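K.L.:
Those protein sequence lines, which keep their order, are chains A and W. Residue numbering for the first sequence follows my numbering, starting at 20 and increasing by one per position. Residue numbering for the second sequence follows my numbering, starting at 70 and increasing by one per position. Beta carbons are placed, not taken as given, at the ideal position from N, Cα and C, and that holds for glycine. All values derive from a computational prediction rather than experimental measurement.
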Amino acid sequence: MTADCDIAVLGAGPAGANAAIQAATGGCSVVLLDEAAQPGGQVWRAKSTSILSAPANSESKAGDALRRAVNQSDITHHGSTRVWQIERVDDVWRLYLLQGNQTEKMTARALILATGAREFVHPIPGWTTPGVHGLAGATALFKDALILPGKNTVVAGAGPLAFFVASEIRRLGGQIAAVITPNSRSEWLRAIPAMSARPDLLARGATWVADLMTSGIPIHWRHAVTAVSGTSQVDAVHFQRVSPDWSPVDKVRTLNADSLCLGHGLIPDTQAAQLAGLELTYRAELGGWVARVAPDGITEVKNLFVCGDGAGILGAAAAVVQGRLAGLAAATGFGAQRSENLYQQLLSQHARAARFGRAATALALPRPGLNRVATPNTIICRCESLTLADIRDEIRTGATSTNAVKAGLRAGMGPCGGRYCQTAVSRLIEHTANLPEGSVAPPTPRPPLRPVPLSAMADDFNYDDLPISKPAPL
Amino acid sequence: MSTTHDIAIIGGGIMGCATALRLAEVGMRTIVLDQGDLGLGASGVNAGTLSLQIKRVKLMPYALAGHREWEAMGVAVGFKKPGGYTLAFTAREAALLQERQSLKAQAGAPIRFVSIDELRKAEPNLAPGIVAASYCPEDGYANSSLTGRYYRLRMRAADIDVRERCPATKISQTSGGFRIETPQAPVKCVRLLIAAGGWIKPLAGQLGVDLPINVRVNTASVTERMKPLFSAVIGHATGLLTMKQKTDGTVLIGGGWQGRGTPQSGRGTVTMETVIPNLALAQFALPALGSARVTRCWTGFEANVPDFYPLAGQLPGVANAFVLGCVRGGFTIGPYIGRLMGDFILGRETELSLFDPGRDFNEELQ
Ligand SMILES: Cc1cc2nc3c(=O)[nH]c(=O)nc-3n(C[C@H](O)[C@@H](O)[C@H](O)COP(=O)(O)OP(=O)(O)OC[C@H]3O[C@@H](n4cnc5c(N)ncnc54)[C@H](O)[C@@H]3O)c2cc1C
Ligand SMILES: Cc1cc2nc3c(=O)[nH]c(=O)nc-3n(C[C@H](O)[C@H](O)[C@H](O)COP(=O)(O)OP(=O)(O)OC[C@H]3O[C@@H](n4cnc5c(N)ncnc54)[C@H](O)[C@@H]3O)c2cc1C
Numbered sequence: 020m021t022a023d024c025d026i027a028v029l030g031a032g033p034a035g036a037n038a039a040i041q042a043a044t045g046g047c048s049v050v051l052l053d054e055a056a057q058p059g060g061q062v063w064r065a066k067s068t069s070i071l072s073a074p075a076n077s078e079s080k081a082g083d084a085l086r087r088a089v090n091q092s093d094i095t096h097h098g099s100t101r102v103w104q105i106e107r108v109d110d111v112w113r114l115y116l117l118q119g120n121q122t123e124k125m126t127a128r129a130l131i132l133a134t135g136a137r138e139f140v141h142p143i144p145g146w147t148t149p150g151v152h153g154l155a156g157a158t159a160l161f162k163d164a165l166i167l168p169g170k171n172t173v174v175a176g177a178g179p180l181a182f183f184v185a186s187e188i189r190r191l192g193g194q195i196a197a198v199i200t201p202n203s204r205s206e207w208l209r210a211i212p213a214m215s216a217r218p219d220l221l222a223r224g225a226t227w228v229a230d231l232m233t234s235g236i237p238i239h240w241r242h243a244v245t246a247v248s249g250t251s252q253v254d255a256v257h258f259q260r261v262s263p264d265w266s267p268v269d270k271v272r273t274l275n276a277d278s279l280c281l282g283h284g285l286i287p288d289t290q291a292a293q294l295a296g297l298e299l300t301y302r303a304e305l306g307g308w309v310a311r312v313a314p315d316g317i318t319e320v321k322n323l324f325v326c327g328d329g330a331g332i333l334g335a336a337a338a339v340v341q342g343r344l345a346g347l348a349a350a351t352g353f354g355a356q357r358s359e360n361l362y363q364q365l366l367s368q369h370a371r372a373a374r375f376g377r378a379a380t381a382l383a384l385p386r387p388g389l390n391r392v393a394t395p396n397t398i399i400c401r402c403e404s405l406t407l408a409d410i411r412d413e414i415r416t417g418a419t420s421t422n423a424v425k426a427g428l429r430a431g432m433g434p435c436g437g438r439y440c441q442t443a444v445s446r447l448i449e450h451t452a453n454l455p456e457g458s459v460a461p462p463t464p465r466p467p468l469r470p471v472p473l474s475a476m477a478d479d480f481n482y483d484d485l486p487i488s489k490p491a492p493l
Numbered sequence: 070m071s072t073t074h075d076i077a078i079i080g081g082g083i084m085g086c087a088t089a090l091r092l093a094e095v096g097m098r099t100i101v102l103d104q105g106d107l108g109l110g111a112s113g114v115n116a117g118t119l120s121l122q123i124k125r126v127k128l129m130p131y132a133l134a135g136h137r138e139w140e141a142m143g144v145a146v147g148f149k150k151p152g153g154y155t156l157a158f159t160a161r162e163a164a165l166l167q168e169r170q171s172l173k174a175q176a177g178a179p180i181r182f183v184s185i186d187e188l189r190k191a192e193p194n195l196a197p198g199i200v201a202a203s204y205c206p207e208d209g210y211a212n213s214s215l216t217g218r219y220y221r222l223r224m225r226a227a228d229i230d231v232r233e234r235c236p237a238t239k240i241s242q243t244s245g246g247f248r249i250e251t252p253q254a255p256v257k258c259v260r261l262l263i264a265a266g267g268w269i270k271p272l273a274g275q276l277g278v279d280l281p282i283n284v285r286v287n288t289a290s291v292t293e294r295m296k297p298l299f300s301a302v303i304g305h306a307t308g309l310l311t312m313k314q315k316t317d318g319t320v321l322i323g324g325g326w327q328g329r330g331t332p333q334s335g336r337g338t339v340t341m342e343t344v345i346p347n348l349a350l351a352q353f354a355l356p357a358l359g360s361a362r363v364t365r366c367w368t369g370f371e372a373n374v375p376d377f378y379p380l381a382g383q384l385p386g387v388a389n390a391f392v393l394g395c396v397r398g399g400f401t402i403g404p405y406i407g408r409l410m411g412d413f414i415l416g417r418e419t420e421l422s423l424f425d426p427g428r429d430f431n432e433e434l435q
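This is the structure we're talking about:
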């Protein structure tokens with residue numbers, strides 16, 4: 020079967036855009052697809068037109084450079100394009116796309132998946148109150164539209180992202196009530212040797228912390244937010260000291276604030292990889308359930324590559340390099356010359372960036388004590404308004420898989436397709452049924468990857484084309 | 070210490086679970102094994118239609134009894150009985166509808182033909198262009214997602230041993246009955262029922278019985294919540310469409326369109342080449358569906374034998390081994406035929422006759 024192009028790349032973040040550029044350099048015809056209008060992904064998200072004059076920072080500069088490189092290449096870039104189904108037909112990949120209200124189909128000989136990560140917010144009492152934002156989600160607000168989460172914000176979470184978010188809020192003129200992180204100072208000190216693999220990134224992180232300290236903003240190390248109060252808007256944030264496994268200890272303290280940025284790390288977005296036929300395994304150090312992927316993006320399925328945070332949370336620096344490696348591997352498969360020098364150079368760059376990434380990810384990995392924070396009334400599944408008690412009761416009757424909980428209660432059957440609740444549900448099952456961490460897999464993903472209007476799926480139907488099938492036996 | 074069960078049932082779908090409940094009622098020590106979660110095979114992913122209009126003529130008494138069982142199960146399985154319409158858009162379909170539904174009505178289903186006016190009054194959002202329609206007030210649906218949950222709770226209350234995520238990997242005959250290897254402890258039992266849906270063939274094969282089973286890969290799709298658009302179960306004269314809007318507002322669309330895969334290679338996958346015409350037909354019948362967003366499309370395995378009647382009885386040539394499956398409309402009929410199967414295993418007379426798995430599948434069924 021002939022294909023529309025050699026290589027389709029899903030995701031135009033640091034990983035996917037670099038994969039596409041690298042593959043196009045090798046002479047392949049490349050189509051780059053992303054639901055965002057412009058390349059950049061999460062970390063280098065393009066500004067919306069209303070804020071084009073906003074001051075540049077290192078993210079916006081890197082993003083602009085990436086967008087220029089894509090524009091100057093031979094890549095066909097389709098922005099504002101959602102990929103909602105992936106099928107293998109004979110020896111090509113067939114992708115179903117949604118553009119506006121229209122479905123389009125395209126085929127490619129090879130497929131590179133660079134779908135990135137999504138954020139995990141572990142449910143705590145009050146986390147659905149308006150004014151609570153995901154930590155990573157908040158960065159999207161700044162980058163896209165320079166919107167601040169509130170007038171007086173508590174920033175809470177593990178790993179470097181909390182400090183980045185706090186310093187961005189300050190840079191944009193917002194006020195921080197406090198930074199609360201379950202990591203201790205000594206955990207950070209212990210991470211420094213590994214993070215020195217990328218001294219530039221380490222130095223950037225240090226300036227965020229230094230900025231907060233010199234401006235007198237309280238940083239509560241080894242503390243965690245354990246509840247939020249407020250009805251139509253956050254009015255107070257409650258926090259406690261935590262033990263090394265992040266179990267709350269000691270008395271509850273309270274901060275007045277109108278907003279909270281809260282996050283518990285990132286999770287590889289693997290649904291596209293699963294639709295393409297890859298099995299997942301649990302790799303805590305990579306952020307959870309991931310496909311088996313080599314450093315150069317090669318997977319167990321022929322002509323299928325995965326790169327970037329979607330293959331494991333190693334951060335933007337590693338995503339750039341793994342993207343290039345995957346682009347190189349895919350192009351080599353179609354006869355492009357591979358410079359052994361470049362290949363080796365990229366592999367060692369990736370190893371360095373990955374070392375930094377793993378250290379940052381390790382700080383942010385949710386620990387078991389988090390399971391002690393939610394109360395029976397805490398909402399776990401927002402789409403279906405299911406509480407901890409609802410789900411725990413179901414588990415106790417014997418529903419000890421995510422598929423069983425989903426079937427019995429609809430947790431994960433709502434519009435989000437389980438993207439927001441399934442990690443919490445897996446963890447809850449493990450905790451309640453006394454199963455080891457990483458033993459409860461996410462539910463089987465079903466297409467479409469994003470909800471698609473039925474009219475867009477069903478267009479150009481001709482009643483006379485209905486197959487005249489043999490009627491069912493009488 | 071290992072115990073011997075009176076019966077082991079391989080397969081925790083609707084067939085296995087319904088049989089287990091019957092056997093446990095009379096005190097049999099029963100164990101149910103499922104390779105996955107209870108009720109998440111065909112029984113947990115089917116379209117949930119309880120419709121006499123799509124049942125085979127000879128199975129009508131079983132389907133009527135099945136409807137009574139579902140009605141009694143009630144809210145715990147999301148049972149609803151809004152009635153059902155089957156639509157014809159062409160003269161050919163109208164003739165097909167007339168012929169087929171008349172035979173089903175003669176077999177005892179309260180099916181009648183309705184005027185287009187009556188249909189429009191009941192379901193104003195249906196498309197123009199319908200030329201004929203039949204109606205059955207007994208038609209309805211249940212929520213198949215709740216099958217596992219429902220039977221898990223009932224089997225727990227009945228003290229039935231249930232092992233989930235525990236595949237039977239090898240079956241052998243012993244002096245006292247059977248021994249079943251599993252990744253956990255082996256199971257010893259006096260009697261054995263194979264109720265493994267699309268997976269029956271290889272299991273029966275282990276006992277030396279070759280059953281001529283084919284497996285179909287049916288697909289279904291669901292939309293997000295919508296404002297009320299229609300209330301009855303809607304079918305199409307060709308059988309290529311069934312749809313219903315649940316009380317939560319989601320619309321479930323099926324029609325026997327085929328996906329890809331085999332029971333031996335995972336869960337099966339949908340292909341848009343068949344899902345798209347299925348959805349297009351749904352929109353053709355009910356144009357307002359066009360604005361609904363589709364959230365999930367999936368597949369399930371449905372087994373059948375060449376005469377499309379059930380396998381329900383003794384496994385040919387193997388004493389104390391039984392098989393139950395390949396029931397067309399098995400979700401509807403399952404709770405009832407499972408009870409009959411229980412009676413058969415207990416050596417009792419069954420209320421309606423069963424379907425000998427040793428029959429000649431090319432002969433007309435008597
Ligand atoms: C909300 C959020 C904010 C983040 N902010 C930062 C930050 O400020 N700084 C930082 O260092 N790290 C941040 N990260 C971490 C981030 O994962 C980076 O490490 C980096 O962006 C990873 O690059 P990537 O190319 O692997 O994925 P991404 O940059 O996430 O790119 C993936 C792209 O795939 C597209 N995509 C996915 N699925 C589909 C589909 N089905 N159809 C069409 N398009 C699709 C997405 O639109 C996205 O543009 C953030 C993560 C998240 C989730
Ligand atoms: C998409 C779809 C739509 C349908 N729509 C309708 C409808 O609207 N109305 C209707 O009446 N019928 C419908 N049907 C048919 C109906 O779902 C089936 O007839 C019925 O559910 C079959 O039940 P079962 O118990 O035989 O099989 P299943 O429910 O498949 O159960 C078999 C069980 O055996 C287990 N198993 C298999 N091998 C092993 C092993 N080695 N060890 C342990 N366990 C094992 C499996 O995990 C499975 O749970 C539909 C079917 C499908 C697939």
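Contact check, histidine 283(A) vs proline 385(A) under 8 Å by CB: the rounded distance?
P.N.:
About 5 Å separates the two Cβ atoms, so the contact holds.
K.L.:
Does glycine 117(W) pass the burial test, meaning 16 or more other C-beta atoms within 10 Å, or should it be called exposed?
P.N.:
buried
K.L.:
I need the straight-line Cα distance from arginine 98(W) to isoleucine 76(W), nearest angstrom please.
P.N.:
7 Å
K.L.:
Using a Cβ cut-off of 7 Å, which residues of the segment 363 to 376 of chain W contact any Cβ in chain A, in chain order?
P.N.:
Val363, Thr364, Arg365, Cys366, Trp367
K.L.:
Name, please, each residue of chain W whose Cβ falls closer than 8 Å to the Cβ of glutamate 12(A).
P.N.:
Beyond the ends of chain A as shown, which are 20 and 493, falls residue 12(A); an answer cannot be given.
K.L.:
Taking isoleucine 263(W) as the query, report the chain A residues whose CB atoms sit under 7 Å from its CB, ordered along the chain.
P.N.:
Neighbours of isoleucine 263(W) on chain A: none; closest Cβ ~23 Å, over 7 Å.
K.L.:
Listed in chain order, which residues of the segment 346 to 360 of chain W have Cβ atoms closer than 8 Å to some Cβ of chain A?
P.N.:
Pro346, Leu348, Ala349, Leu350, Ala351, Gln352, Phe353, Leu358, Gly359, Ser360
K.L.:
Which residues bound the beta strand (DSSP E) around glutamine 118(A)?
P.N.:
111 to 118
K.L.:
Is proline 236(W) near ligand 2, judged by its Cβ being under 7 Å from some heavy atom?
P.N.:
yes
K.L.:
Report the neighbours of valine 302(W) on chain A: residues whose CB is nearer than 7 Å to its CB, in chain order.
P.N.:
Those within 7 Å of valine 302(W) in chain A number zero; the least Cβ separation is about 16 Å.
K.L.:
Can you list, in chain order, the stretches of the alpha helix (DSSP H) that have 4 or more residues and sit fully within the segment 144 to 208 of chain A?
P.N.:
154 to 164, 180 to 190
K.L.:
For the beta strand (DSSP E) that serine 281(A) lies in, which residues bound it at each end?
P.N.:
The amino acid at residue 281(A) is misidentified as serine; the sequence shows leucine. 278 to 282 is the span of the beta strand (DSSP E), which, as asked, contains leucine 281(A).
K.L.:
What residues in the segment 443 to 474 of chain A bring their beta carbon closer than 7 Å to a beta carbon of chain W?
P.N.:
Listed in sequence order: Thr463, Arg465, Pro466, Pro467, Pro470, Val471, Pro472, Leu473, Ser474.
K.L.:
Whole angstroms are fine: how far does the CA of glutamate 138(A) sit from the CA of lysine 124(A)?
P.N.:
Lysine 124(A) and glutamate 138(A): Cα-Cα distance of roughly 30 Å.
K.L.:
Using CA coordinates, which residue listed in Thr292(W), Lys296(W), Met224(W) is at the minimum distance from threonine 364(W)?
P.N.:
Thr292(W)
K.L.:
Go ahead and label tyrosine 482(A) buried or exposed: buried means 16 or more other beta carbons lie within 10 angstroms of its beta carbon, across all protein chains shown.
P.N.:
exposed
K.L.:
Could you tell me how far apart the beta carbons of glycine 457(A) and serine 262(A) are, in whole angstroms, since I believe they sit closer than 8 Å?
P.N.:
Rounded, the Cβ-Cβ distance is 21 Å, inconsistent with contact.
K.L.:
Just mark isoleucine 211(A) as buried or exposed, buried being the case when its beta carbon has 16 or more other beta carbons within 10 Å.
P.N.:
exposed
K.L.:
Glycine 437(A) CB to nearest chain W CB: under 8 Å?
P.N.:
no
K.L.:
Following the continuous beta strand (DSSP E) through proline 267(A), name the residue where it begins and the one where it ends.
P.N.:
267 to 275
K.L.:
Phenylalanine 258(A) touches chain W at which residues, Cβ-Cβ below 9 Å?
P.N.:
Within 9 Å Cβ-Cβ: nothing; phenylalanine 258(A) doesn't reach chain W, min ~37 Å.
K.L.:
Determine, using beta carbons only, whether valine 200(W) comes closer than 8 Å to chain A.
P.N.:
no
K.L.:
Looking at the structure shown, is valine 9(A) part of a helix, part of a strand, or coil, going by DSSP?
P.N.:
No answer is possible for residue 9(A): it lies beyond the span of chain A, which begins at 20 and ends at 493.
K.L.:
If you reduce the DSSP assignment to three classes, tell me which class valine 126(W) lands in.
P.N.:
helix
K.L.:
If you run the structure through DSSP and keep just helix, strand and coil, what is phenylalanine 430(W)?
P.N.:
Looking at phenylalanine 430(W) - three-state DSSP - the assignment turns out to be coil, as it is neither helix nor strand.
K.L.:
What in chain W is Cβ-close to alanine 408(A), meaning under 8 Å?
P.N.:
Ordered by position in chain W, no residue passes the 8 Å Cβ test against alanine 408(A), which lies about 16 Å from the chain.
K.L.:
Does DSSP put phenylalanine 353(A) in a helix, in a strand, or in coil?
P.N.:
Here phenylalanine 353(A) sits in coil by DSSP.
K.L.:
Once you ignore the five residues that flank tryptophan 103(A) on each side, which residues in its own chain have a CB closer than 6 Å to its CB?
P.N.:
Tyr115, Leu117, Pro467, Leu468, Arg469, Val471
K.L.:
Write down every uninterrupted run of the alpha helix (DSSP H) in the segment 317 to 384 of chain A whose length is 4 residues or greater and which is fully enclosed by it, in chain order.
P.N.:
The segment 317 to 384 of chain A contains these whole alpha helix (DSSP H) runs: 334 to 352, 359 to 383.
K.L.:
Under 8 Å: do the segment 439 to 448 of chain A and the segment 410 to 420 of chain A share three or more Cβ pairs, one atom per stretch?
P.N.:
yes
K.L.:
Taking only beta-carbon positions, decide if arginine 137(A) is within less than 8 Å of chain W.
P.N.:
For arginine 137(A), the answer is no, since every Cβ of chain W falls outside 8 Å of its Cβ.
K.L.:
For asparagine 347(W), does the three-state DSSP call read helix, strand or coil?
P.N.:
helix
K.L.:
Less than 8 Å between CB atoms is the rule here; does methionine 70(W) satisfy it with respect to chain A?
P.N.:
Because the pLDDT at methionine 70(W) is just 44, under 50, the model does not fix this residue reliably, and the point stays unresolved.
K.L.:
Based on Cα-Cα distance, which residue from Ala243(A), Ser92(A), Ala330(A) lies nearest to glutamine 259(A)?
P.N.:
Ala243(A)
K.L.:
At a CB distance below 9 Å, what residues from the segment 110 to 141 of chain W approach chain A? Give them in sequence order.
P.N.:
Gly113, Val114, Ile123, Arg125, Val126, Lys127
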